[in-house]
Amino acid sequence: MTDLPARRSLLRFAQRLYDHWSSAPLAAEWPFPDHDWLELRRTVKHWQLAKQRGWRLATEQARSYVQRQIDSLIAQLTSFRATQEPDLPQRRTVALRDLYDDLRALHAEFPVVRLDHAPQELAVQTEPIVLDDEYLGPFEIVLKLPQLSARQPYRVVALEPHPADHDFTTPHPHVRDEVLCEGEGHSSIRTALRQGRLLDFFILVRQVLRTYNRGSAFIALDEWHGRSCPDCSGGMDDDNSTLCERCETAICYDCSYSCSRCGRGCCSDCHSWCGDCDRAVCHGCLESCAECEGDFCSDCLTDGRCQKCTEPNDEEYEHANDKTIAATTDARAPTDVAIQPVCLGKVALPA
Amino acid sequence: MRILVINNDGGGFADYTEVPDGLTVQQLFQRQIPGGKPENYLIRVNRQPVPPSQVLQDGDRISLSPVKIEGA
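Keeping their order, the protein sequence lines are chains A and B.
Residue numbering for the first sequence follows the numbering used here, starting at 1 and increasing by one per position.
Residue numbering for the second sequence follows the numbering used here, starting at 1001 and increasing by one per position.
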């Protein structure tokens, strides 16, 4: 809890807030989310392309981004629809008294409240945020008063940044570049801002910061300290990881196999083992046996057939052997017939 | 009596509503969010945290905010 400033100072700041809110556009003038719709269409195209090309990591990232964009768009459309209704309860006129009471209440709710006249900002500091045992430190939620009509007129600043190891712009799973991805909170945060409900606005943003949604996080907390290899699930960082040279997925060195033909390092999705010599071969160099359709390296194929399909099998061998024996017997037959007994082993001899 | 209810769950709409005299915070919560659990919400009356048994007064301002709000 912060020390409450003098009543006169609070009133003066409340008056400034009132002026800003009074001059901000009404809810009904808020724009239709055209930009976000176009952005969603673009991302869906990227997603489909990544799926077609079998880029696993890119597919997963695009899928997650599409999901976030859809959630955001639904929330924006819900808010937009609300602004079109004839009876708008959220069009409550902002009262100076409410702003003043909210300012007072903020001092009881948050450890630090900052009222800046010069950059015209109202900021509160959260207590340190800990999600899934990951200490992320305290955050400052800064409301930029001259930008009340902007899409997101506030920023979220990490005061003791503990960002993800491989992305310093992400100090919280749902904050990147000081922008909060509001998700479920989008509509209620917008409405609170429209109605000048300062206390509710700051509480809602804080509650989003206190909640972890793994499915839509910029970076999941279990990947906070280095990424996990998609093949072995082990942790990895820039020093012990590499990119698959076919699909560009980041994998750890242990899971990168060098193609015995072209030498490219590949992930498990992009290479197989030769069915004969058992060496790693990337899918670009892998060939199929024309007979059994098994996967082999080109060294192990002869005229497009693997060694096994080139050699005759046992049945064929026996069959071929029988034919050889029969042919030998037939070749001897005329001589044998000449000395064969006519009957009972007796041979007719000339007198 | 007439009170202002701000439901920050979902749309976050605020509206005045008529309620019977003697209604407690818990009873109001059950009317506003059927099936909801009070411990999953920050309930404020006139911007102050209150016990569920508190009886509401004419002109009170009640806000209900979910404890967990999933970001995207």
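Where a beta carbon is used, it is the ideal one built from N, C-alpha and C, also for glycine.
Keep in mind the model is a prediction, meaning the values are calculated, not measured.
Item                                                                                                                               : Value
Contact set between residue 133(A) and chain B, taken where Cβ atoms lie within less than 9 Å                                      : Correct list: empty, because the minimum Cβ distance to chain B is about 17 Å.
Rounded distance between the beta-carbons of residue 306(A) and residue 300(A), thought under 8 Å                                  : 6 Å
Within 7 Å of chain B by C-beta, residues of the stretch 177-191 of chain A in sequence order                                      : 180, 181, 182, 183, 184, 185, 187, 188, 191
Buried versus exposed call for residue 209(A) [16 or more other C-beta atoms within 10 Å across all chains shown]                  : buried
Neighbouring residues, chain B, relative to residue 71(A) (Cβ below 8 Å)                                                           : 1072
Of the listed residues 157(A), 36(A), 98(A), nearest to residue 72(A) (C-alpha basis)                                              : 36(A)
The stretch 1014-1048 of chain B: positions lying closer than 9 Å to chain A by Cβ                                                 : 1014, 1015, 1016, 1042, 1044, 1046, 1047, 1048
Between the CA atoms of residue 117(A) and residue 124(A) - distance to the nearest angstrom                                       : 15 Å
Nearest-angstrom Cα separation, counted from residue 207(A) out to residue 155(A)                                                  : 15 Å
Strand pairing of residue 125(A), partner residues [DSSP]                                                                          : 112(A), 140(A)
Closer than 8 Å to chain A by CB, residue 1012(B)                                                                                  : yes
Contact between the stretch 127-137 of chain A and the stretch 145-154 of chain A (3+ Cβ pairs under 8 Å)                          : no
Euclidean distance between Cα positions of residue 1015(B) and residue 48(A)                                                       : 44 Å
Residue 230(A), buried or exposed, once every other Cβ within 10 Å from all chains shown has been counted against 16               : buried
Residue 249(A) - containing beta strand (DSSP E), residue span                                                                     : Here residue 249(A) belongs to no beta strand (DSSP E), and DSSP marks it neither H nor E.
Residue 193(A) - containing alpha helix (DSSP H), residue span                                                                     : 186-194
Host beta strand (DSSP E) of residue 1074(B) (start-end)                                                                           : Residue 1074(B) lies beyond the residue range present for chain B, which begins at 1001 and ends at 1072; the question has no answer from this structure.
C-alpha gap between residue 1053(B) and residue 46(A), whole angstroms                                                             : 54 Å
Cross-chain neighbours of residue 1066(B) in chain A, by beta carbon under 7 Å                                                     : 207
Residues of the stretch 210-223 of chain A whose Cβ lies closer than 7 Å to any Cβ of chain B, in chain order                      : 211, 213, 216
Cβ neighbours of residue 275(A) in the same chain (closer than 7 Å, five flanking residues each side left out)                     : 294, 295, 296, 306
Entirely enclosed alpha helix (DSSP H) segments - the stretch 1019-1068 of chain B, minimum 4 residues                             : 1025-1032
Chain B within 8 Å of residue 269(A), Cβ atoms only                                                                                : no
Neighbourhood of residue 105(A) by C-beta, 8 Å cutoff - its chain only, sequence neighbours within 5 removed                       : 199
Span of the alpha helix (DSSP H), counted from its first residue to its last, around residue 14(A)                                 : 7-23
Status (buried if at least 16 other CB within 10 Å, exposed otherwise) for residue 168(A)                                          : exposed
Backbone secondary structure at residue 218(A) - three-state DSSP                                                                  : coil
Beta-carbon proximity check, residue 166(A) vs residue 4(A), cutoff 8 Å                                                            : no
Minimum Cβ-Cβ distance from residue 1006(B) to chain A less than 8 Å                                                               : yes
Cα-Cα separation, residue 239(A) to residue 258(A)                                                                                 : 18 Å
Contact under 8 Å by Cβ, residue 1043(B) with residue 1019(B)                                                                      : no
Supposed close pair residue 1060(B), residue 1006(B) - CB separation, criterion 8 Å                                                : Not a contact, Cβ separation roughly 11 Å.
Collapsed DSSP secondary structure at residue 267(A) in the structure displayed                                                    : coil
Cut-off 6 Å between Cβ atoms - residues of its own chain near residue 172(A), not counting five sequence neighbours on either side : 136
Chain A within 8 Å of residue 1057(B), Cβ atoms only                                                                               : no
Under the three-state DSSP convention, the category residue 401(A) falls into                                                      : Any question about residue 401(A) goes unanswered here, given that chain A covers just 1 to 351.
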